[in-house]
Amino acid sequence: MVNSASLCLCGEKMIQTLEHTAFDVQAIRQHFPVLNRVVKGKPLVYFDNAATTQKPQVVIDALADYYKNYNANIHRGIHSLAEEATAAYEATRDTVQQFIHAKEREEIIFTRGVTESINLVAYTWARTNLKAGDEIIISGMEHHSNIVPWQLIGEMTGAKLKVIPVNDSGELIMEEFHQLLTEKVKLVSVVHASNSLGTINPVKEIIDAAHKVGAVVMIDGAQSTVHLDIDVQELDCDFFAISSHKVYGPTGIGVLYGKRALLEAMPPFMGGGEMIKDVSFEKTTWNDLPYKFEAGTPNIADTVALKAALDFVSGIGKATIRQHEDALLKYATEQLQSIDGIRLIGTAKQKVSVASYVVEGVHPQDLGILLDNQGVAVRTGHHCTQPLMNRFGIPGTTRASFAMYNTKEEVDVMIAGLHKAIKLLR
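Anchor point for the sequence shown: position 281 equals 281 in the UniProt record's numbering, and the numbering is continuous, going up by one each time.
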């Protein structure tokens, strides 16, 4: 589907006009108010999308509309506001189900984000099922949120952590993975797309191989969900984690997808209201899925607004967005490679729109400060992937990550800023 996707607001609803013309980035940009910002006297160039994406007006409006018109607690009232809030909250669950092609809506669990989703699996499934001598496999490019929980579980259960190594291009060495994969492995948890490098990992191959030895597979989809078409049934993953704020939605809300049979067998993550069916001083029984894992009053407003974000992305079309982002990555890569002293970190054949680089003799933080003086927002540091940075022998990188609203002209601004910064710092 190729659209200019002229998206407008009519009252409280987003009208999607799909004109079947070339991708119109300028039309898209009009829906993101923050892009009108001026930073230090310069127009904002926002290249920190792997950390968080900016929000379209339709998401902002959905958030405000909830608080202005039907703010109420959900599942606990028969009055009109409560019923409206419940309907809106549950409509997001249906939208997420469709967005990732889950089999059942009950397999969609709302969390605070990918970090909580991974911890939920760690403290329920893993703590219950792992024992001394069992093994967990992760990769050498994991975010700390997909390392630390498994280290903690290892300390609790005696399970050992094994790591798939990364080659010089920033790709997993799959031969090593298959050698690590034995019947001792009970869990494999890997990132779908690297936040530091942009590498798209062969998760289908990983999932199929892991299942052959009886292992359960968790996929960190924080970076992939916004860029790639996700079909959890086709992937056949057991768990898949999503972050709202990386797919143009609000912060503080995420999703854990899990296969029903696994979720049914897992104990609750937290105790409290909503996750119970019946409570007495002698015994408590748990609620049905998905509510067994959604204790207490949830983040209703941001959950409601997440639906608007996913609808916005779907209205434009992921294929169209991806084509635009791939072109930006290719252009930015070519321009970066033309600068003496720059080394790209992460040159995998399959990537999402992330360009990480280092400049010889220049600390990433210094570079980031000088780019900010030009209005260019990039992320510097280890990107919560310290083991990966250690593997490349560097303290961190400067990372430019691109979204649907970025342009080649903005890349040119970054490149010009780099020339100025390097000249000053060397």
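C-beta: ideal position from N, C-alpha, C; glycine also.
For clarity, every value in this text was computed on a predicted model and none was experimentally measured.
By the 16-neighbour rule on beta-carbons within 10 angstroms, M270 is exposed. Residue pairing for I200: DSSP places it in a beta bridge opposite A193. When only Cα atoms are considered, F99 and G154 end up about 33 Å apart. For the 8 Å CB-CB criterion, I242 and V114 form a contact.
The C-alpha of I206 is placed about 31 Å away from the C-alpha of P250. Taking 8 Å as the cut-off, the beta carbon of T111 is found no closer than this to the beta carbon of V304.
Around the beta carbon of M275, 16 or more other beta carbons lie within 10 angstroms, which makes this residue buried. Membership of V313 in the alpha helix (DSSP H) is indicated by the continuous run I300 to I316. Non-local C-beta neighbours of E84 in its own chain, meaning closer than 6 Å and more than five positions away in sequence, comprise Y70, ordered along the chain.
Three or more beta-carbon pairs separated by less than 8 Å are not found between the region 284–296 and the region 137–148, which leaves the two stretches without contact.
Excluding its 5 nearest sequence neighbours in each direction, A51 has C-beta neighbours in its own chain below 7 Å: R379, listed in chain order.
Taking all protein chains in view, the Cβ of G346 is crowded by 16 or more other Cβ atoms within 10 Å, so the residue is classified as buried. A residue is called buried when at least 16 other Cβ atoms come within 10 angstroms of its Cβ; N36 does not meet this threshold and is exposed. Looking at the backbone, the Cα of E107 and that of A88 are separated by about 18 Å. Taking each of P267, Q365 and I173 in turn and checking the Cα distance to I394, the smallest one comes out for Q365. Each of I60, T124 and R322 was checked against the Cα of F23, and the nearest Cα belongs to R322. By the CB criterion at 8 Å, D220 and I109 fall outside the cutoff. At the C-beta level, H324 and V34 stay beyond 8 Å of one another. Taking a 10 Å sphere around the C-beta of M156, we find fewer than 16 other C-beta atoms and assign the residue as exposed. In this structure the region 353–369 touches the region 386–404; the number of beta carbon pairs closer than 8 Å is three or more.
Classified as buried, E142 has 16 or more neighbouring CB atoms from the shown chains inside 10 Å of its CB. Of the residues assessed, I339 falls on the exposed side of the cut-off, its CB having fewer than 16 other CB atoms within 10 angstroms.
Y248 is a Cβ neighbour of V313, given a cutoff of 8 Å. One thing to note: K184 has its Cβ no nearer than 8 Å to the Cβ of G158.
One Cα belongs to F240, the other to M266, and the distance between them is close to 16 Å. By the C-beta density criterion, S280 is exposed, having fewer than 16 other C-beta atoms within 10 angstroms. Our two residues, K162 and Q54, have alpha carbons roughly 36 Å apart in a direct line. According to the DSSP assignment, M389 belongs to the alpha helix (DSSP H) that extends over Q386 to F392. The criterion of a C-beta distance shorter than 8 Å is not satisfied by I200 and K318.
Taking the Cα positions, I173 is about 6 Å away from V166. Put simply, of K40, V216 and Q57 the residue whose alpha carbon is nearest the alpha carbon of I28 is Q57. Its Cα nearest to that of E176, the residue I138 stands out among H192, R343, I138 and A308. In the three-state scheme derived from DSSP, where H, G and I count as helix and E and B as strand, V38 is classed as strand.
Note on geometry: alpha-carbon atoms of L328 and D231 lie some 25 Å from one another. A straight line joining the alpha-carbon of I60 with that of S244 spans about 14 Å.
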